[in-house]
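Line by line, the protein sequences give chains A and B. The first sequence begins at 9 in this note's numbering and counts up by one. The second sequence begins at -17 in this note's numbering and counts up by one. Beta carbons are placed, not taken as given, at the ideal position from N, Cα and C, and that holds for glycine. What follows is one structure encoded as structure tokens, with my remarks underneath.
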Amino acid sequence: MPNITFLNPDGSRQTFYIAEGVSVMQGAVANGVGGIVGECGGNAMCATCHVYVDGSQVASFPPMSANEDALLDGTASDRKPNSRLSCQILVTEAVGGLVVELPERQI
Amino acid sequence: MTQHGQLASSHPISSIDPFSPEFLADPYPFHHELREAGAVVWLERYSTWTVARYDDVHRTLNDWQTFCSNRGVGMSDFAKEKPWRPPSLVLEKDPPDHDRTRSVLNKVLSPAVMKTLRERFARAAEAKADELIEIGEFDAIVELAQGFPLSVFPDAVGMRKDGREHLLPYAGAVFNAFGPDNDLRRNAIERAAPHISWIAEQCQRQNLALDGLGAKIFAAADAGEIAMEEAPVLVRSLLSAGLDTTVNGFGAAIFCLGRFPDQWAKLHANPSLARAAFEEGIRFESPVQTFFRTTTKPVSLGGVQMDEGSKVLMLLASANRDPRKWENPDSYDIERRTSGHVGFGSGIHICVGQLLARLEGEVMLSALASKVRSIEITGEPKRAFNNTLRGLESLPVAIKAK
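What follows is the structure in structure tokens.
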């Protein structure tokens, strides 16, 4: 099972093994990661599962949809070049070892 | 043996009527019975299928190719009956038509737009809380659940000041019309004419303020994203789906916080839980109880074979309390992780105004949590009956300032 590491704004980190096929948001919610909200349940509506993806990894991801791009303009914490919505990142072997930084706020 | 024109496959059959007064008054024992009966149950009263478990409701919502919306999301099949009003360009459409109009509404109601509304809504919520504290004892449905959304939503859309009393009866008729041809639906449609004509007027460009959400829809038509004649029909979606739903969302939250003082105490101690308290109210009460889909082809779900053209009733409220999905589903817990509830639907038709609803819920409950010490229910709550919406007609309460 691929592992994903969540880096909290206070510097603490949590690593979880997450089943392939679910989204990083779903994996975070199921493991009680407080810094991911996921209000809309993974429908790419609410921008409350915002993450900053480790710079060396972000380039290898599939490109974001126009919808995700637009949603990222409305995030509660500042958008950065490595911003993504974690509901749109599917957990696969290829993303194993992924490190995502959580923003200060989701709402 | 019940005759219903289906091939002989073994499936549970129920005589429950999900639109009867008994069901609408207290749906929970019926939900339980239908969830336990099987993944898919045949409702012989209406010759329609129903799904009551979370996984099956979620799957149905997320497979528009098989479970379509363009034959209507109520019991009436648009392939067989003329719709009672021109169909919605989002709710009652499937891709590709759906995506063009939906993406306009996504932009009009986006997180970025919510940021521009937040301060204004928060100020209005503070004012409403102060006003309610001043009154002390009042009907929480009229003064709060209706009063607050009515004080912010029509202005945000950019509606005219006169005639706003048509909004709630119009929405009530729309949601009653998703049900079967029963008294609720017949009465609502019979009385709808004046509301329909006011709504149609209000959807026209010249009746919308230049800086509101309605005007943004017309701007999208100017930009060629939708046809000009589609713009008023999309504005209609804001008017029919944007108010009564939120009213019942507020009613749910206040009814819960009044009934469960330990949860109110948590919120009072930590007003930052306001948004979560509103959301959990949506899961717990499910203001929108049901929607239908229609099968586009023969499909097997939970081992049951359904024909093409079958209506499928999705019991959203039952899914939101399915113990297969939720721990202690019948308790209102504002610290619960509610992500994944289907109170706003799921999939491509998920409520496009959910961010607006949450914003309203958050700022209002937050203002109450900071300014009010206690909310006490002081009289018998009276239920409002609607084929689709669950909520109260009146809820007498008394509040005390902090």
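Check the Cβ of A:Asn75 against every Cβ in chain B and list those closer than 9 Å, keeping chain order. As a working mapping, residue 75 of chain A is identified with position 67 in the first sequence. Near A:Asn75 (Cβ distances below 9 Å), the residues of chain B are Ser85, Asn88.
Residue-level contact to chain A via CB, B:Ile332, 8 Å cutoff: Looking up residue 332 of chain B in the second sequence gives position 350. Interface residue, yes.
Taking the C-alpha atoms as reference points, what is the distance between B:Asp315 and B:Lys62? Counted from its first residue, the second sequence places residue 315 of chain B at position 333. Counted from its first residue, the second sequence places residue 62 of chain B at position 80. Cα to Cα, the separation comes out at about 44 Å.
The alpha helix (DSSP H) enclosing B:Gly129, as first and last residue numbers: Here residue 129 of chain B is taken as the residue at index 147 of the second sequence, counted from 1. Counting along the chain, the alpha helix (DSSP H) containing B:Gly129 begins and ends at 129 to 139.
List the residues of chain D that B:Arg340 touches, going by C-beta distances under 9 Å, in chain order. In summary, chain D is missing from the structure at hand, where the protein chains are A and B.
Suppose you measure from the CA of B:Glu317 to the CA of B:Ala19; what does that come to, to the nearest Å? Here the question's residue 317 of chain B lines up with position 335 in the second sequence. Here the question's residue 19 of chain B lines up with position 37 in the second sequence. If I take the Cα positions, the gap works out to 31 Å.
Chain A partners of B:Glu26, CB-CB under 7 Å? For this step, residue 26 of chain B is matched to residue 44 along the second sequence. Correct list: empty, because the minimum Cβ distance to chain A is about 33 Å.
Bridge partner(s) assigned by DSSP for B:Trp402: Residue 402 of chain B is absent from the model: chain B starts at -17 and stops at 384.
Please name the residue in B:Leu295, B:Glu125, B:Ala175 whose C-alpha comes closest to that of B:Pro162. For the purposes of this step, residue 162 of chain B is taken as residue 180 along the second sequence, with counting starting at 1. Nearest option by C-alpha distance: B:Leu295.
Going by the CB atoms, is the gap between A:Val59 and A:Val108 shorter than 8 Å? As a working note, residue 108 of chain A is residue 100 in the first sequence. As a working note, residue 59 of chain A is residue 51 in the first sequence. Yes; because the gap between Cβ atoms is below 8 Å, this pair is in contact.
Pairwise C-alpha distance: B:Gly329 and B:Asp45: Position 63 of the second sequence, counting from 1, holds the residue named residue 45 of chain B. Position 347 of the second sequence, counting from 1, holds the residue named residue 329 of chain B. Those two C-alpha atoms are separated by around 8 Å.
In angstroms with no decimal places, state the Cα-to-Cα distance between A:Arg74 and B:Val90. Position 66 of the first sequence, counted from the start, is the residue given in the question as residue 74 of chain A. Position 108 of the second sequence, counted from the start, is the residue given in the question as residue 90 of chain B. Residue identity differs from the one stated: residue 74 of chain A is Ala in this sequence, not Arg. Each residue's alpha carbon lies about 15 Å from the other.
Is B:Glu261 close to chain A, meaning its C-beta is less than 8 Å from at least one C-beta of that chain? Along the second sequence, one-based indexing puts residue 261 of chain B at 279. So yes, B:Glu261 belongs to the interface.
Beta-carbon within less than 6 Å of B:Gln(-12)'s beta-carbon, same chain only, minus the 5 sequence neighbours each way: which residues are those? As a position in the second sequence, residue -12 of chain B is number 6, starting the count at 1. With a pLDDT of only 47 at B:Gln(-12), under 50, the local geometry of the prediction cannot be trusted, and no value is derived from it.
7 Å CB neighbourhood of B:Tyr28 in its chain, flanking five on each side removed: On the second sequence, residue 28 of chain B is found 46 positions in, with the first residue counted as 1. Met57, Pro162.
Our contact map puts B:Ala122 next to B:Met346 with C-beta atoms below 8 Å; I'd like the distance itself, whole angstroms only. Stepping through the second sequence from its first residue, residue 122 of chain B is reached at position 140. Stepping through the second sequence from its first residue, residue 346 of chain B is reached at position 364. Incorrect: roughly 11 Å between the Cβ atoms, too far for contact.
Is there a C-beta anywhere in chain B that falls below 8 Å from the one on A:Asn11? The sequence position of residue 11 of chain A within the first sequence is 3, counting from 1. So, not an interface residue.
For chain A, is any of its Cβ atoms less than 8 Å away from the one on B:Ser(-8)? Working through the second sequence from its first residue, we reach residue -8 of chain B at position 10. It does not; no Cβ of chain A falls within 8 Å.
Within 8 Å of any Cβ in chain A, is that where the Cβ of B:Ser51 sits? Here the question's residue 51 of chain B lines up with position 69 in the second sequence. Answer no: the Cβ-Cβ gap between B:Ser51 and chain A never drops below 8 Å.
Under 8 Å (Cβ pairs) to chain A, residues found in the stretch 90 to 124 of chain B: Ser92, Pro93, Ala94, Val95, Met96, Lys97
Taking Cβ to Cβ, would you say B:Thr360 is nearer than 8 Å to B:Ala380? Residue mapping note: residue 360 of chain B aligns to position 378 of the second sequence, counting from 1. Residue mapping note: residue 380 of chain B aligns to position 398 of the second sequence, counting from 1. Closer than 8 Å, so yes.
Thinking just about the alpha-carbon of each residue, which of B:Leu350, B:Ala259, B:Ala234, B:Asn252 is nearest to the one in B:Glu267? In the second sequence, counting from the first residue as 1, residue 267 of chain B sits at position 285. The residue with the shortest Cα to Cα distance from B:Glu267 is B:Ala234.
Following the continuous alpha helix (DSSP H) through B:Thr276, name the residue where it begins and the one where it ends. Position 294 of the second sequence, counting from 1, holds the residue named residue 276 of chain B. Not the alpha helix (DSSP H): B:Thr276 falls in the beta strand (DSSP E), residues 272 to 277.
With the cut-off set at 8 Å, would you say A:Gln96 and A:Ala36 are in Cβ contact? Stepping through the first sequence from its first residue, residue 96 of chain A is reached at position 88. Stepping through the first sequence from its first residue, residue 36 of chain A is reached at position 28. Not in contact: A:Gln96 and A:Ala36 (Cβ atoms no closer than 8 Å).
Apart from the five residues on each side of it in sequence, which residues of its chain come closer than 6 Å, Cβ to Cβ, to B:Phe12? Indexing the second sequence from 1 puts residue 12 of chain B at position 30. Within the same chain, B:Phe12 has close Cβ partners Ile(-2), Phe5.
Can you tell me whether B:Ala109 is buried or exposed? The criterion is at least 16 other CB atoms within 10 Å of its CB, across all chains shown. Here residue 109 of chain B refers to the residue found at position 127 of the second sequence. B:Ala109 should be labelled exposed.
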